[in-house]
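Protein chains in written order, with this note's numbering: chain A, 3 to 280; chain B, 827 to 1194.
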């Protein structure tokens, strides 16, 4: 390797390193800060010492549980997100399959509508939706945070494109072997669609885990509120203790990480499997 | 289980208006192996898919025995099919692939096990039962696909381009296995292929199709010797029949036919009757000659001299190309067994077996 090549390679790595530091440092700051005594968090905040862990101290985590009903919020978030993702996989995969493979009147028109919904942000329909759920008497429930988000245009589209790519002969073989539409879907299509289910689960979890506006509109007390609202409240809860807030943040990010790691395995396996001929 | 299959004036028109099958009539007898053959897009696969119930019939009637099955679902028809890409369920072992149709029939577990074992034994899959499809070779996948089709003892067995994903050697081996299996089980079978060699070797009878229409259905030897039209003549055989434009003339000695500028006497034991041929005198006709209907001759015995344009040596035979244009646009081919001392560009003396001449009218229909 000549000197010039080495220099460009070195510069490239330096640039990448800088970018990595930029992205990782807030997370690192949060994790390290969450493990420091409150007194040191503020003192070291202005210097690079903020990134240097001191003695491991879990007091901030204990504080979070002592000061708010963190367990309750965590359960709420897990339950709501879990239900949206699980029910979503059922509903959206069936819808995607119907659009991709079944012949029925109005399919094309309806599919265009689904695609149109893709570009519609929640904020655009939040107010009419709010009136609707109020009319139903759904406010301050889990249901109001789950039901509107189960059917998801983006998930339907992901399933749709994936199912289109599956060999049609698999389904035809199953039909001839005596399986009906639903059984074909359950016994042949679903087991061969792990990659798209994993993708939809990861994306769905990410989208749902951070929702803020909707639960703020439709929920009141802590009984059914999810973590994003709780951390906002916690932030304004005196005394302002950064170590506690960091600890809260770490515990809030952890489930996303776990879900991602869990499904990523499937995701990669799926990609590998489909890469092999036959 | 007796099962004959009848296509009665069956047509299939797709949503975009393309007609895949037009007024298709075909009768497949019980236990018969019928091969549908034709170039791609000729409608042979559509004919199969209509029978399987994977496509709906636009017009006409499909019957199994005397029952119209147009409106029955695929499940109700009791038809099994082997797909070109085998369509094995990738997430199931060989055993579960074989058992799948039986489980759909809701048979008791011991019956499922018995029949799975029977099919595995028959197709020499017993040692592979726990393997997954991706762990199998092409030939093994092929056999699993057949096993899955026969395991529920269907009324009718369909095979769609089943051998085309296999290499040449394996194709011949499995072709023989399929023929043997079909004879043994005596299941009415429709077999689709674009390969006329496969069609000729496998079929009890062969249905030749082109552009959505049935051209001729007959036993292989009949197709070869008495094609109904120029399409069948050119399609069947490897290489196919040489078909070229010609004319008929009345001579004192009888009829004469033009061949490359020469007039040849039409022998009395020609395949076409003289009485019928006489009607085409002074009209344009097509003549057909199998590549083996010409032979190299000494200059004295020769009837024509043609210019050699290419030679293909196949080992056991040679194909000689001559500068006589066929209606297909390619050149005339003569098949010879021995290796002649010839050079490209030579004028080669040839004799024609005049009684093996086939005649076709201007529309391409055979004159017999």
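For glycine and all other residues, C-beta sits at the position ideal for the given N, C-alpha and C.
Other residues of its chain near residue i: CB distance less than 6 Å, five sequence neighbours each side excluded
i, result
"residue 912 of chain B", "967 and 971"
"residue 278 of chain A", "The predicted model places residue 278 of chain A with a pLDDT of 37, which falls under 50 and marks its position as unreliable, so this point remains unresolved."
"residue 861 of chain B", "1017, 1025, 1028, 1029 and 1032"
Closest residue to residue i among the options (Cα-Cα distance)
i, options, result
"residue 98 of chain A", "A/84, A/172, A/262 and A/153", "A/153"
"residue 832 of chain B", "B/894, B/1187 and B/864", "B/894"
"residue 256 of chain A", "A/207, A/123 and A/120", "A/207"
"residue 841 of chain B", "B/1167, B/882, B/849 and B/850", "B/882"
"residue 35 of chain A", "A/19, A/69 and A/244", "A/244"
"residue 1141 of chain B", "B/1134, B/1035 and B/1161", "B/1161"
"residue 1081 of chain B", "B/885, B/1070, B/932 and B/1102", "B/1102"
"residue 1012 of chain B", "B/979, B/1159, B/1071 and B/873", "B/979"
"residue 874 of chain B", "A/16, A/71, A/174 and A/120", "A/174"
"residue 1063 of chain B", "B/1072, B/1027 and B/953", "B/1027"
"residue 1090 of chain B", "B/1180, B/1014, B/1003 and B/1109", "B/1180"
"residue 1117 of chain B", "B/876, B/1050 and B/922", "B/1050"
"residue 264 of chain A", "A/254, A/204, A/216 and A/135", "A/204"
"residue 93 of chain A", "A/11, A/231, A/108 and A/156", "A/156"
"residue 975 of chain B", "B/950, B/956 and B/945", "B/945"
"residue 232 of chain A", "A/240, A/214, A/242 and A/241", "A/214"
"residue 985 of chain B", "B/963, B/936, B/948 and B/877", "B/877"
Assigned exposure category for residue i - 16 Cβ within 10 Å defines buried
i, result
"residue 1045 of chain B", "exposed"
"residue 218 of chain A", "exposed"
"residue 273 of chain A", "The predicted model places residue 273 of chain A with a pLDDT of 49, which falls under 50 and marks its position as unreliable; any figure quoted below should be read in that light. Label assigned to residue 273 of chain A: exposed."
"residue 828 of chain B", "exposed"
"residue 123 of chain A", "exposed"
"residue 162 of chain A", "buried"
"residue 186 of chain A", "buried"
"residue 1047 of chain B", "exposed"
"residue 1130 of chain B", "buried"
"residue 95 of chain A", "buried"
"residue 179 of chain A", "buried"
"residue 237 of chain A", "exposed"
"residue 75 of chain A", "buried"
"residue 1148 of chain B", "buried"
"residue 260 of chain A", "exposed"
"residue 139 of chain A", "exposed"
"residue 1002 of chain B", "exposed"
"residue 950 of chain B", "exposed"
Cutoff 7 Å; reference residue i; Cβ partners in own chain excluding five residues on either side
i, result
"residue 32 of chain A", "248, 251 and 252"
"residue 38 of chain A", "56, 59 and 245"
"residue 22 of chain A", "none"
"residue 280 of chain A", "Bear in mind that a pLDDT of 35 at residue 280 of chain A, under 50, signals an unreliable position, so the number given afterwards is only what the model happens to contain. Correct list: empty, nothing qualifies."
"residue 1106 of chain B", "1074, 1187 and 1193"
"residue 43 of chain A", "35, 244 and 245"
"residue 1127 of chain B", "1177"
"residue 904 of chain B", "980 and 981"
"residue 275 of chain A", "Note that residue 275 of chain A has pLDDT 48, beneath the 50 cutoff, so the model's placement of it is unreliable and the number below is only indicative. Cβ within range, chain order: n/a, list empty."
"residue 131 of chain A", "150"
"residue 85 of chain A", "148"
Close beta carbons around residue i, own chain, < 8 Å, minus the five adjacent residues each side
i, result
"residue 142 of chain A", "220, 221, 222, 223, 225 and 226"
"residue 933 of chain B", "941"
"residue 898 of chain B", "879"
"residue 916 of chain B", "958, 959 and 960"
"residue 30 of chain A", "53"
"residue 857 of chain B", "1012, 1013 and 1014"
"residue 837 of chain B", "845, 847, 848, 849, 850, 883, 884, 885 and 886"
"residue 866 of chain B", "1020"
Proximity test, Cβ basis, 7 Å: residue i and chain C
i, result
"residue 858 of chain B", "Protein chains A and B are contained in the structure displayed, whereas chain C is not."
Length at least 4, wholly inside the stretch 168 to 204 of chain A: the alpha helix (DSSP H) runs in chain order: 170 to 178 and 183 to 186
query: For the stretch 173 to 187 of chain A, which residues have a beta carbon sitting closer than 8 Å to at least one beta carbon of chain B?
result: 174, 175, 176, 177, 178, 179, 180, 181, 182 and 185
- request: May I ask you to list, following chain order, the residues of the stretch 885 to 916 of chain B that have a beta carbon less than 7 Å from some beta carbon of chain A?
  value: 900, 901, 905, 906, 907, 909, 911, 913, 915 and 916
- prompt: What beta strand (DSSP E) runs, 3 residues minimum, are completely inside the stretch 977 to 1026 of chain B?
  reply: 982 to 986 and 1014 to 1019
task: At 3 residues or longer, and completely inside the stretch 885 to 926 of chain B: list those beta strand (DSSP E) runs for me, N to C.
output: 885 to 890 and 905 to 908
- request: Report the residues of the stretch 915 to 935 of chain B with a CB closer than 7 Å to any CB of chain A, ordered along the chain.
  value: 915, 916, 917, 926, 927, 930 and 931
- request: Check each residue of the stretch 857 to 880 of chain B: if its Cβ is closer than 9 Å to any Cβ of chain A, include it; give the result in chain order.
  value: 875, 878, 879 and 880
- prompt: In chain order, which continuous runs of the beta strand (DSSP E) of length 3 or greater are located wholly inside the stretch 1084 to 1154 of chain B?
  reply: 1088 to 1091, 1110 to 1115, 1120 to 1122, 1130 to 1139 and 1144 to 1151
Within the stretch 127 to 172 of chain A, ranges of the alpha helix (DSSP H) (whole runs, at least 4 residues): 145 to 152 and 155 to 167
- prompt: At what residue ranges does the stretch 1150 to 1191 of chain B contain a whole run of the beta strand (DSSP E), taking only runs of 3 or more?
  reply: 1157 to 1162, 1173 to 1178 and 1184 to 1186
message: Tell me which residues of the stretch 189 to 213 of chain A have at least one Cβ-Cβ distance to chain B shorter than 7 Å, keeping chain order.
response: 190, 193 and 194
- request: May I ask you to list, following chain order, the residues of the stretch 143 to 175 of chain A that have a beta carbon less than 7 Å from some beta carbon of chain B?
  value: 169, 171, 172, 174 and 175
field: Complete alpha helix (DSSP H) runs within the stretch 67 to 123 of chain A (minimum length 4 residues, chain order)
entry: 72 to 103 and 109 to 120
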